[in-house]
Amino acid sequence: MNIATIKNILTSEQSNSTLPLRLIAGIIFIAHGAQKLFAWFGGYGLDGTGQWMESIGLAPGYLMALMAGSAEFFGGILLIAGLLTRPTALVLAITMVVAILTAHIDNGLFMANNGYEFGLALVAITLALMFQGGGRFSVDNVIVSKIK
């Protein structure tokens, strides 16, 4: 990968609008990832989440829980920092599409019925970040400013 490609991935619109998107989505993703990985915040940890994932057809369940939990937890940290925002947002958008299609789509739109509205909102946020990049207050922006 050459410098021009790296610069293209990290360059973003010099806007403040991504900051609240990154911070709020990052907190949400960290919390959901921590539920899956560490059984924090009322979660079931890798074993429990893995068993549930296996029961809905995502096998091997433990590995799927590890992948989803890691994407959410570490992706949330990267979003908050604004580091590798575009690739992180892409991974998180894919993770949310998988969650919608495997766990929520049959329940309809509304969260009250375990529907997909929350996942869909997270898809919208991550796609916006994928298109815009990390914004003015991001580590990506600092890195790009140092690349010649």
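Mapping to numbering that gives the first Met the number 0: the sequence shown position 67 is 66, numbers consecutive. Even glycine gets a Cβ: it sits at the ideal position worked out from N, Cα and C. Since this is a predicted model, take the numbers as computed values, not measurements.
Is the number of C-beta pairs between the segment 63 to 77 and the segment 105 to 115 that are closer than 8 Å three or more? The segment 63 to 77 vs the segment 105 to 115: no contact.
Keeping to the same chain, check which residues put their C-beta closer than 7 Å to that of residue 85; ignore five residues upstream and five downstream. Exclusion of the five residues before and after residue 85 leaves 8, 129 and 132 as the residues of its chain whose Cβ lies within less than 7 Å of its Cβ.
Under 9 Å, do residue 125 and residue 24 count as touching if we go by C-beta distance? yes
Under a three-way DSSP split, which group does residue 13 fall into? coil
At what residues does the alpha helix (DSSP H) containing residue 161 begin and finish? The question about residue 161 has no answer, for the chain in this structure spans 0 to 147.
Measure the beta-carbon distance from residue 2 to residue 146 and round it to whole angstroms, keeping in mind my assumption that it falls under 8 Å. 6 Å
Which residue's Cα is closest to the Cα of residue 138: 102, 93, 78 and 122? 78
Going by beta-carbon coordinates alone, are residue 26 and residue 75 separated by less than 9 Å? For residue 26 and residue 75, yes; Cβs fall inside 9 Å.
Contacts around residue 98, its chain only, beta-carbon distance under 7 Å, and the 5 residues preceding and following it disregarded: 118
When DSSP labels each residue in this structure, what does residue 0 get in the three-state scheme? coil
From what residue to what residue does the alpha helix (DSSP H) around residue 113 run? Element bounds for residue 113: n/a, residue is neither H nor E.
Assuming residue 57 and residue 87 make a contact with CB atoms under 8 Å, what is their CB distance in whole Å? So it is not a contact: roughly 21 Å between Cβ atoms.
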